[in-house]
Every structure is written in structure tokens, then in C-alpha cells.
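The structure appears below as C-alpha cells.
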Amino acid sequence: MPNPLSKLIPYVVGEFPKPFLNLYEKMVIPKDTNGKTIKESLWKAYEFGTVRHQGQKRRSGKPYFGDHCLQVANILAKWKMDHITVMAGLLHDTLEDTDTTLKDLENCFGEDITRLVDGVTKLGNIEFSNQQEKQAENFMKLLLSVAKDLRVIIIKFADRLHNMQTIEYMSKLKQRQIARETNDIYVPLAHRLGMASVKWELEDWVLQTLHKKSHLEIDSKLKSTNRQRSRYINQVISPIKEELKKYQIQVDIYGRPKSHSSIYRKMIARGKTFEEIYDLFAIRIVVEKVEQCYLTLGIIHQVYSPIQERFKDFIAMPKSNGYQSIHTTLIGPRGHMVEIQIRTREMEQTAEIGVAAHWRYKEGKTVSADLDSNVKWLRELVTILQNEFSDPKEFMNLLKIDLFDDEIFVFTPKGDLIQLPLNACPIDFAFQIHSQVGLSCLGAKVNHKVVPLNTILKNGDMVEILTSKNQQPSYGWLKFVTTSKARTNISRFLWRIEKKESVKIGTDILERTLRKLKQFKLLKTIKESYEICGYKSTEALLGAIGNGSITVRNIFKKIRSLNENVLEEAKEESTENFIDFARSSAKGIKLQGIKNLMVNFGKCCSPIPGDDMIGFITRGRGITVHQTSCKSLPLLSEDSDRLIPVEWDVSRKDLFAVQIKIVCEDRKGRLKEMTECIAGENINITSVDAKVKDGVGISLFVIKVNNLRQLDRLIRKLNKIDGIDYVERTG
Ligand code: MN
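So in numbering that gives the first Met the number 0, spot 536 of the sequence shown is number 535, and the numbers just go up one at a time.
Here you go:
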């Protein structure tokens, strides 16, 4: 009969309950700590949890503490987490599901454990709704909270894993909900944190819940082909073993099947049947030291021939989630491809459990301090999140891309290694170096050659960024950047500039239109009418006028519907010639050369300095500048409110493309004469297109000029050449 005292003070009597002992035996106690003290405090947590959850049952009918909290702690112990984390695991639901307070926990277990339990509780309270925006917002919160202590998320993973393992007791609806949330939030995060085994297990549970049939099918096929597979694996392995023996390398070598979910993905992604997938397994070789990895690699490549392109050295270049291993694919017996992974024991552990390995007990010491470098991406993410501007939806999309893409490795001119996602371009690289480098990125050299900024970087490229103080990001960049860091920085920059410019332009349009309508006295009324128009402030209203989402006339209509007297006399004189209007009030917004990102040049008429110009405010893309004589400008419509006088403000160095057409008789050497004439004016030619039709030569030149005067002078000179019929500006 058990000693009655053991229920109260088992550590004195020495009779602990079996489940408790099982947990304790799983834990690794570091040599420099007192095992007895740890056992005592672990018992304290065990007892506390038992008492607090007394009487609570799970849906399965089993006691809550013993069936859930203890199991979560068991998972954490299996992951060899430190005793603080295991204890917090035992207590992780006390704040949520019992009347325990923060104070209670702090008095009994101290600050560390309390903080962890509190963190897990807060995470549990975050609801991941189906609404993407909400989900993204909550995901940000989650990341911000885990950035403080990653052990919170590790406990949460243990909790989620156990909930998935026991998901069958939930209602069908709840099962699907939990499985989707696991798939959308926990799986990507586990991948990012390098928790590979957790990721696989979660993914398999998701597959089992959401695609039961496929899971069953894969499962039974794996089982039925098991013997055949083992035989083949042995065939591959034994010559390798023989060879390694000669070099006296101690290795663990075994074949492991790929997870159900990764087989499922291959079937879906490649549209194949189970039978058509050859790589159902990988062979893993685990050695003691790093140098043995390379020696082993050399030996294996002597036994079987490797496939060049499939060799990857993640030991020299670890993945950003900390994963290290050598991957090589060989041509095995009967010509089948076989994937081999070589790593050290330590890498093996890190690959299974990822960042959690840092809180693992190791020989002699407890917790590693080298966490920062491993969760660099997390810290970067947090910096992005803490900025005032971030669009949750956009963020979520990018995060997903970042999470699943493969990585490439490129170098700075100094030889520093930079990790980027697949398809990254030089701008991504520039922002990776520093946001300031990105913002002033003018051009790039890859392997010493100048390349376009949208060039896709490749593994091993050496990238050099050319910067200029006058350079600014443009909308175009957003089309080809890949990293969330670059995208967020560019968007934020454009958003700020656009907002500022829109307000400026909006103010200008408003004042001008009111003057035109002889209603300037209404300026104040309109500025105060932002609420009627559906905006939060005067600034927002002006910005909306500026970017074309509302016109002054629309505002009039809205005010008029509320107060008919105010605007009765507001008659329009819209037939006013806009060219006169443009000329009469030429002091307006200046164009700051072609670099101003809010300004585009109309392709229909490509104006150059000296031309009479007018700006047209497009919806959402700033101003497009046209020649005042351009036919594509609206003359009489309501849109004429969006026309705005502009004036050149260009530096001497700025060049503008212009097309000229030269018609002449067809004779030898005419092209040479023309190009010599153009070059004589110190003008660059961008392209030439010369044709002859019915004895008439027609040449189209695109040239770069500073201004109209220079162009006119050139045209005069060209006209003097013998045999030229006429020269005209086109486009
Ligand atoms: Mn729980």
C-alpha cells in the first residue's frame, strides 16, 4: 500500500506517481545542476497543475491535466528542452482554464515561468479568423510576442501538436478549422524556425484531417511497398558501408521515408501517381565531425556517380533557418536516383528541432547565447512590423512567399555572403545590405558587368550596387522585387512621397478651380467639408483631389445636396481654353526632371524642355505630362479640372528622348551624313531605323536632347544637307 504521505510530500517519502516519473526520466539534467532540486520544482508544478485542473475533463472524457498538460510537458521533454520550459508546459493552461492568477504563479514559480505561461495564454487568445487581414494582423502580434522569448512559441507548438494528435475528438467543423489554422500559421512558422520534425508531423496531421482519403491511400501504399524499398535501400547502403569501414569512420546510415505530406505535395504538384514518384525516401548518413562529412561525400561519389546539379552544401552555406547538411543525388543500382544527406550529429539535432535546440541541455552547459544570428530574419521582420506603415494583407502575402521559397547565396564585392530568396534581383540585394543603399540604388553590376535592375540573381553571383544621392525608388521596382524587406521599404517611401505630393497638387487644383469658377470664397467651406465627402481630415480630402479620386465638381455636388443656396451661382465656364489657362498661370508645380516619380511623360507626344506643356492628373499614378498641342488631352470634358500647368525645372545634364523622321532621296552614304551631323551637335543617338521605299529613304532616329533649342538647331542643320526633303519631330 502506498505511503499516504506520498500524496503530499512524495519527494520525502520517495514515491512519485508513475506519470510524473516518466516525465522526469525523459528530461536531460545538465551536469552542473542539482538533479534533486529540479525534481522538486518539477513536482511542485505537477502538483500545482493537478490541483488546479481538478475535475476538468477533455472531450475524450479523460482528465484534463493528465491527458493534455502532462503530454505537452512530455513533448517538451522529448525535445530536450530546459526544465523551465517543461514546467511552463505543465502549467500552460492554468491561467486560461483555472482561477489561477499571474500573482499566484509568480509567488510559486518565479518570473521566468510566469512570463512563459502568460505568453502562451496570450497567443492562445489570438483568434486567427478566416479574414486575411485580421489573420495577418494577428500573425504580426504573434511574431512580435515570440521575438521576446522563443520558448513561448515552442510551448505553443507542443500544445498545438498534442491538440492535433487528439483532434479526432473534436467536432468535424472544429477539426477543419484547427487544421487550416495549423496549415496557415504553424507550419510556415515551424519551417522558418527550422523545426523540421515538428513541421512534418503537423503537416501530416493536417493532411489526415483535411484529405483523409489521400492520406489513407499514401499510407497503405507506403506500407505495401515497404519491404521492396528496404531491400533497395540496403542494396545502396552496403557498398557505402564497406568503403567507409576502410577509412574507419563511425557512421549511422539509414534510409528514411519522406513524409506523407511531402509525397502528397509531389503527387499534386507534379500531377503524378504514387507509383510514378521515385524519391519516396532519402538516405541519411550521420557522422561525428564536420570534416568527416566531406570525407564521406568523397567516398560516396567514388562508389556511385553523382548528379552535378543536385549537389548542395548547406554546411558551408546554412539555410537561414539554421539548417545544415550536405545533399547529393546519386545514380543508384538499376539507374534509380537516390538522395543522400550527410551531416553531423549536432546538425541532425538542429535540423529536427531548429531554434528550440538553443534551449536544449547540452553537455556541460545549459543555454546557448548564439540565438541572434539564427533568428536574424525574425528580428528583421519585427523591425519592419514596428514601422508606422505596414499593410497587413500585403505583409501576409510576402511572408508566405518568403517562407516557402528556396534560397540563393550571393556575395558582396568584399566577399560577404548574402542570403536571398529565389528570384531576387539586385534591388532586393541592395535593401538586404541596408535600406539606405536600396533607396538610392541607381544600377548594379553582377560579376563586374552592368545589368538591368530586374535581373534575377543566381547562386554565387557577385553583386555590386551603384548608388546616387539623386536616385529614388519607383513604382516599377515593385514589379520585380521579391523580399518583403525591399517591398515594404519601397512602398513606404512611395506612399509618403505620394501622399505629400497629392496634398500639394490637391490644394493647387482646388484653389485654381475655385478661382476659375469665381467661387474662391468657398475655399474654407470646402476644406471643412471633408466628412461629407467621406474623408477623415482636410489633408485626406486634398490628397484625394490630388490623386484624382474625387473632383472639385463632385465636392460641389455633395455640398449642394446638403445646402442648395450656397452654390446656386456656381456656374461653370468650362469652355475656357485650357491652353490659355495653362499659359496664364504658368507658375505651378515644377517638374523635377525625369526623376520625379510622380511624373510620367505622355508617350503620345514626348515633350522636351522648351515645349509648352500641361500636366494631366491620372487616377492613382501621378501626373502625366503632355505637349499642350497633344490630341489625346481632354479639352471640354469634366476631366479638364485635372489638367495642371507645369513648368520645366531640369538640370543641364538631364536628357530627353525624342524621335525625328528624316525623309530624303535614296543615295549612297546618306545615313552616314545624317549620323555625322547629329554627332556633330554632340547629341546621342539611341536608335536608328532606316528604310527605303519607292526610291525614298525614310529614317527614324531616337535621340537624346537637353531641350527644344538644341533640337531646333539640329533640325535646321539637317535640313541643310543635300537631298533631304524634310525633317520632322514625330512620336
Ligand atoms: Mn493547451
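Ideal Cβ positions, reconstructed from N, Cα and C, are used throughout, including at glycine.
- Contact check for R175 and T224: beta-carbon distance about 30 Å, past the 8 Å limit, so the pair fails to qualify.
- Q470 sits close to L441, with the two beta carbons spaced by under 8 Å.
- Sorted by chain position, residues whose beta-carbon lies closer than 5 Å to a non-hydrogen atom of the ligand MN are D92, D158.
- Rounded to the nearest angstrom, the Cβ distance from H91 to D158 is 6 Å, consistent with a contact under 8 Å.
- Under the DSSP assignment, M673 falls in the alpha helix (DSSP H) whose first and last residues are 669–679.
- Per DSSP, reduced to three states, the secondary structure at A443 is strand.
- Every unbroken stretch of the beta strand (DSSP E) spanning 3 or more residues and falling wholly within the stretch 224–297 is given here in chain order: 251–256, 280–286.
- Between T729 and the set G668, Q658, I325, the nearest pair of CA atoms involves Q658.
- The shortest CA-to-CA distance from K499 to any of G545, E241, E672, Y45 is the one to G545.
- Under the three-state reduction of DSSP, C68 is assigned to helix.
- In this structure, Y23 lies near K38, with their beta-carbon atoms less than 8 Å apart.
- Excluding residues up to 5 positions away in sequence, I426, D427, R486 lie with their Cβ nearer than 6 Å to the Cβ of V480 in the same chain.
- Between I74 and H190, the C-beta gap is not smaller than 8 Å, which leaves the two residues out of contact.
- Taking C292 as the centre and dropping the five residues before and after it, the same chain places the C-beta of V286, I314, I325, I341, R342, T343 closer than 8 Å to its C-beta, in chain order.
- Here the alpha carbon of G321 sits roughly 20 Å from the alpha carbon of A281.
- One thing to note: P238 has its Cβ no nearer than 8 Å to the Cβ of V197.
- In the DSSP assignment, P420 forms a beta bridge with E406.
- Between K265 and I248, the C-beta gap is not smaller than 8 Å, which leaves the two residues out of contact.
- For N21, the uninterrupted alpha helix (DSSP H) segment begins and ends at 17–25.
- Per the C-alpha coordinates, the member of L438, G459, D711, I232 positioned closest to V409 is G459.
- In this structure, R669 keeps its C-beta atom at 8 Å or more from the C-beta atom of G694.
- V337 sits away from I284, with the two beta carbons spaced by 8 Å or more.
- At the C-beta level, A656 and T685 come within 8 Å of one another.
- The Cβ atoms of A355 and M169 lie no closer than 8 Å to each other.
- Taking the CA atoms as reference points, S605 sits about 58 Å from K121.
- Cβ contact annotation for E95 (same chain, cutoff 7 Å, sequence separation greater than five): T120, G123, in chain order.
- Taken through DSSP and simplified to helix, strand or coil, A315 comes out as coil.
- L707 sits close to I607, with the two beta carbons spaced by under 8 Å.
- Going by C-alpha positions, C603 is about 13 Å away from M612.
- Between L89 and V71, the alpha-carbon positions lie close to 7 Å from each other.
- With a threshold of 16 other beta carbon atoms within 10 Å, P412 falls short and is exposed.
- With a beta-carbon spacing of about 14 Å, T97 and R57 fall beyond the 8 Å limit used to define contacts.
- Under DSSP, Q626 forms a beta bridge with M612.
- The beta carbon of P472 lies closer than 7 Å to those of L438, I489, F492, L493 in the same chain, with the five residues before and after it left out.
- L642 sits in a strand when the DSSP states are folded into three classes.
- With 16 or more other Cβ atoms inside 10 Å of its own Cβ, R114 counts as buried.
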